[in-house]
Every structure is written in C-alpha cells, then in structure tokens.
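The opening position of the sequence shown corresponds to residue -4 in our numbering, with each subsequent residue numbered one higher.
Heads up, the beta-carbon is just placed ideally off N, CA and C, and yes, glycines get one too.
Before any comments, here is the structure.
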Amino acid sequence: MLSVGEYETNVFMEGIVTIPVVHLFLKWFFLVFVVIAARFCERIVQGTGLYIMCVIIGWYTLVIANNTQVFLKLLA
C-alpha cells in the first residue's frame, strides 16, 4: 500500500513500516507475546485466553477490512 502512495497514520509505526523485515519481526513478536499472555491468563482464570484471542482477531479483522477497502478504492 505504501509503495502506491499511501502513508502510515500511526506515528509509532511510521519509521518501522518503511523497513519490511523490521515490520514483519515486530508483528511476529507481538503475536508471540499475545499468545503467551493468553496462555498465562488462561491458567489463572479459565476462559480468559479465549477472550484475549477474540479481541486480537477482531482487531486484525478491522485492520484487514480497512486495508482492503483502501486497496479497492485505489483499483477503482
């Protein structure tokens, strides 16, 4: 998306998205962190891990939907 003229609106990610390897590493790191946190919470209170994963999946679904919408506007 950035290569066709779009820009990053998250000020914390501006410098990171320009380096794809760092961006990918950060995404994987965040995913591993969330999975570990969900498993840890699941051990303490049964069912909380599922809620954490649902929130993360919901968030990424919104991000994917937004990016798809932006991409489809570029194609039109």
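Just how far apart, CA to CA, sit residue i and residue j?
{"i": "W34", "j": "L70", "result": "Here the sequence assigns Arg to residue 34, which means Trp is not the residue at that position. Taking the straight line from one Cα to the other gives about 41 Å."}
{"i": "I14", "j": "F24", "result": "15 Å"}
{"i": "G10", "j": "F28", "result": "22 Å"}
{"i": "K68", "j": "I51", "result": "26 Å"}
{"i": "I59", "j": "R38", "result": "30 Å"}
{"i": "F7", "j": "H18", "result": "12 Å"}
Assuming residue i is part of the alpha helix (DSSP H), what are its boundary residues?
{"i": "I11", "result": "Premise fails: I11 is in no alpha helix (DSSP H) and is neither H nor E."}
{"i": "Q64", "result": "43 to 70"}
{"i": "V27", "result": "15 to 39"}
Mapping DSSP to helix, strand and coil, what is residue i?
{"i": "V6", "result": "coil"}
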